[in-house]
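K.L.:
Quick one: this structure, given as structure tokens, is what I'll be asking you about.
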Amino acid sequence: MPSSLASRSGLGARSLAWAAAWVVVVALHLGALLAGARVLADVTQCLLMPVLAGVLVSATRWPRGHVVTWSLAALGASFLGDAAPRLLDGDQAFLAMVGSFLLAQVAYVVAFAPRVGRSVVRTHPWWLVGYAAVLVALMALCAPHAGGLLVPVAVYGGVLTAMAVLATGLGPIGAAGGAVFLASDALIALGRFVPGWDLPGQDVWVMLTYVIGQGLLVAAVVRDDRDEEALT
């Protein structure tokens, strides 16, 4: 890629290489899911967040600000959510996933909180009704069959929704990333707790929305960081 184009895109050769590597890992992972290649799917899933963190690190400069630092923490916790459940079984595996991703969502909430003034909380407060409606509907579907997992699932759902709301403070890309991430986790909850839920290609849809959501959030964080850098 010509250096002028890389400059206009805000990405250098190093960050473009990381981004290309992430696309390759995503493609391998989704292909492995479609092909039923479980070992490859497991390995590539564990690589998704470390490589995406490489994109974020390479696309930002030291010293990294609040939004970037906490977003990296969120990616680290997301990696734990991808990897830790593979060492456990049943409800323990599910709780390990929920606990790790709860930490990830908390980190994202902390990361995006300084942009609350640009979010729908301030700019379009009526949109909060829509986010709340999604959470209420999801809990209404899942609660009857959640049993002892109801409380952690409800807490996670609340923090996840808060993340999606605050992500709107990073602009349209962040808003889209938060919404798609919310959709991904909603699919997991529906598949786990709603009897008769049978979405063809459930695993593929969950992971496709997951990588799109995380990728958009990282893109929004990079853009926000560059905008802040331009103001200083």
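If you use this note's numbering, the sequence shown closes out at 237, no skipped numbers anywhere. Yeah, the Cβ is synthetic: ideal placement off N, Cα and C, and Gly gets one too.
(1) Confirm, please, whether the CB-CB distance from residue 225 to residue 178 is below 7 Å.
(2) According to DSSP, is residue 190 part of a helix, a strand, or is it coil?
(3) Using only CA atoms, which one of 135, 197, 119, 121 lies nearest to residue 146?
(4) If you draw a straight line from the alpha carbon of residue 125 to that of residue 161, how long is it in whole angstroms?
(5) In its own chain, which residues sit with a C-beta less than 6 Å from the C-beta of residue 188, not counting the 5 before and 5 after it?
(6) In chain order, what residues of the same chain have a beta carbon less than 8 Å from the beta carbon of residue 33, not counting five sequence neighbours either side?
(7) Is it right to say residue 61 is buried, meaning 16 or more other beta carbons lie within 10 angstroms of its own, or is it exposed?
(8) How long is the line joining the alpha carbons of residue 216 and residue 236, rounded to whole angstroms?
(9) So the candidates are 140, 128, 209, 203; which of them puts its Cα closest to the Cα of residue 38?
(10) Taking three-plus beta-carbon pairs below 8 Å as touching, is the region 113–122 in contact with the region 67–79?
(11) Can you tell me which of the three DSSP states residue 139 falls into?
(12) Using 7 Å as the threshold, is the C-beta distance between residue 148 and residue 155 below it?
(13) Which value, in whole angstroms, describes the spacing of the CA atoms of residue 251 and residue 200?
(14) If you compare alpha carbons, which of 133, 131, 158 is closest to residue 144?
P.N.:
The short version:
(1) yes
(2) helix
(3) 197
(4) In a straight line, the C-alpha of residue 125 is about 21 Å away from that of residue 161.
(5) 214
(6) Its chain contains 45, 49 as the residues whose beta carbon lies nearer than 8 Å to that of residue 33, once the 5 sequence neighbours on both sides are disregarded; these appear in chain order.
(7) buried
(8) 30 Å
(9) Comparing Cα positions, the closest option is 209.
(10) yes
(11) Residue 139 falls in the helix class under three-state DSSP.
(12) yes
(13) Outside the displayed range of the chain (6 to 237) lies residue 251, so it cannot be described from this structure.
(14) 158
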